[in-house]
Structure formats: structure tokens, C-alpha cells
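Student: Take this structure first; my questions come after.
Given below as C-alpha cells:
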């Protein structure tokens with residue numbers, strides 16, 4: 459294992475082989491009704507979110523096009539989907555690579571997130587007549603089940619699904635888009651990397667999510683906003699301690 463110099467652990471992976479295998483699987487399914495760029499993006503997304511393609515690893519557009527037998531513009535469109543989601547980043551000299559964040563960038567993400575997601579919670583309460591409380595309860599139940607399973611990848615998916623559910627309930631597409639763009643890179647990078655190298659009490663984290671679910675379902679807009687901000691700030695503080703362990 460190596461270090462990025464920012465306190466974030468890095469591992470040498472076999473991303474090239476995994477990428478080849480995934481592209482082969484995608485190639486065998488290209489006759490499906492789903493648009494080809496969406497299929498290609500889906501295969502790459504699964505590798506990123508599972509941690510098999512590591513932060514900073516290059517994803518070569520031309521290689522994707524050649525291996526799948528598709529045009530380079532189609533491969534570019536697939537990568538653009540992931541770039542829009544914040545999962546890959548494009549630089550002038552290196553092309554596309556899996557998003558890699560510094561500690562400063564993650565702090566910046568959380569600085570915005572602790573303002574926007576509590577707003578989403580408040581708006582969800584105000585919009586409660588248009589959604590069934592079971593939607594949020596089921597999302598929380600899925601998160602709790604993943605926590606008890608100890609399956610990190612499953613927890614990651616359920617955690618992201620939970621927050622996406624909350625963002626949708628606010629019924630503000632601009633807010634939902636903003637939260638997706640700033641938060642998904644964090645989920646894909648910081649959360650997954652650290653959960654693989656720094657074991658945490660997932661059951662306790664699921665219980666913390668239940669705290670702001672209860673606040674939202676209480677019907678009090680201001681309380682939902684206050685509690686959501688408090689819980690997110692707590693998550694931020696825990697993450698920063700993991701990222702910056704005290705010297706021995």
C-alpha cells in the first residue's frame with residue numbers, strides 16, 4: 459500500500475485486467491436495447507463504486523473504443539456520463555482518470571454538503587404530502603440491513619441510495635443535481651477507500667441515519683434541517699479523524 463501524501467491510503471490494483479474483463483462483458487451485451495454509451499458507463503461505474511478501479515487510474519478512451527468495436531465518440535460519450543456524475547475527471551495531458559480527491563477537496567465538498575443536504579431535508583418535510591413515508595423508511599431499512607451484513611460494497615450502495623432518496627423527496631431538481639455532483643465523488647472515493655482500510659461501526663452509522671429520518675418524519679421543517687446538519691457534521695468529524703490520525 460502506498461500513500462497519496464494527503465493521508466489517504468492508496469493501493470496498487472489490477473485495474474487494467476478488471477477493465478478488460480468488464481469491457482468484454484459489456485461487448486457481449488451491446489445488442490441490448492439500452493444505449494451503448496449508457497452500457498459502457500454502467501460497466502465502468504460498477505468498477506469505480508466497488509473500488510476495483512482505484513482513484514487516479516487512467517481510463518483510456520481509445521482502448522475502450524477498440525476493445526468494444528465502437529466509435530471513439532461513443533466511448534467519449536460514455537466517459538462524459540461518468541464525468542458528469544463526478545466519478546471520472548478529465549485533464550488536458552492525461553485524458554480521463556478515476557476521480558481522486560485531496561483532503562482539502564473533501565473538506566470543501568463537506569463544507570457545501572452540510573449546507574445543501576439539510577436544506578433538502580427541510581424541503582422534503584414541506585413536500586411530505588407528495589410522498590409516502592414508507593419510501594424513506596425502506597431506504598433506511600436497506601441501509602440497516604447492509605450494516606448488519608458487514609458487506610462494505612453493499613453498505614456503500616445502500617448509503618448512496620438512501621441519500622439520493624432524500625434528495626429526490628425535496629422535489630427540487632436543481633438541488634438534487636447539485637448534491638449529486640458534489641457528493642457522489644465523495645461516496646465513490648473517500649467513503650469507499652476509507653471503509654476498506656479503516657473499519658467502522660456500520661450499525662452505529664445506520665442508527666445515526668435513523669436520527670435524521672425520524673426528524674424528517676416528525677414533520678418539523680426546522681428540526682429536520684437542524685438534525686440533518688448535526689448528523690452530517692458528525693460524519694465529517696469522524697472522517698477527518700480517520701484521514702488525519704494523531705501521531706504516535
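Residue numbers (the numbering used here): 459 to 706. Virtual Cβ for every residue (Gly too), placed ideally from N, Cα, C.
1. Identify, in the order they occur along the chain, each residue of the same chain with its Cβ nearer than 7 Å to the Cβ of residue 597, setting aside the five sequence neighbours on each side.
2. Would you list the residues sitting across from residue 554 in a DSSP beta bridge?
3. Measuring alpha carbon to alpha carbon, tell me which of 629, 558 and 525 ends up nearest residue 541.
4. From residue 495 to residue 645, what distance separates their C-alpha atoms?
5. Can you tell me whether DSSP reads residue 607 as helix, strand or coil?
6. So for residue 479, helix, strand or coil by DSSP?
7. Under a three-way DSSP split, which group does residue 528 fall into?
8. Which same chain residues, not among the five before or five after residue 548, have their C-beta less than 7 Å away from its C-beta?
9. So, at 8 Å on beta carbons, what are the nonlocal neighbours of residue 552 in its own chain, with the 5 sequence-adjacent residues on each side left out?
10. Does the pairing of the segment 519–534 with the segment 604–618 give three or more beta-carbon distances under 8 Å?
Tutor: Let's see:
1. Your numbering for residue 597 matches position 139 in the chain shown. Scanning its chain for C-beta atoms nearer than 7 Å, with the 5 sequence neighbours on each side dropped, one finds around residue 597 the residues 619, 620 and 623, in chain order.
2. Here residue 554 corresponds to residue number 96 of the chain shown, with the count starting at 1. DSSP, once it has assigned bridges, lists 517 and 548 as partnering residue 554.
3. Taking the first residue of the chain shown as 1, we reach residue 541 at position 83. Checking every option, the nearest Cα to that of residue 541 belongs to 558.
4. If you number the chain shown from 1, residue 495 lands on position 37. If you number the chain shown from 1, residue 645 lands on position 187. Cα-Cα distance, rounded: 23 Å.
5. In the chain shown, counting from the first residue as 1, residue 607 sits at position 149. Residue 607 sits in a helix when the DSSP states are folded into three classes.
6. On the chain shown, residue 479 is found 21 positions in, with the first residue counted as 1. Three-state DSSP puts residue 479 in a helix.
7. For the purposes of this step, residue 528 is taken as the residue at position 70 of the chain shown. Correct three-state label for residue 528: coil.
8. Here the question's residue 548 lines up with position 90 in the chain shown. Excluding sequence neighbours, residue 548 sits near 541 and 554.
9. Translated into positions along the chain shown, residue 552 becomes position 94. Excluding positions up to five away in sequence, the list reads 516.
10. no
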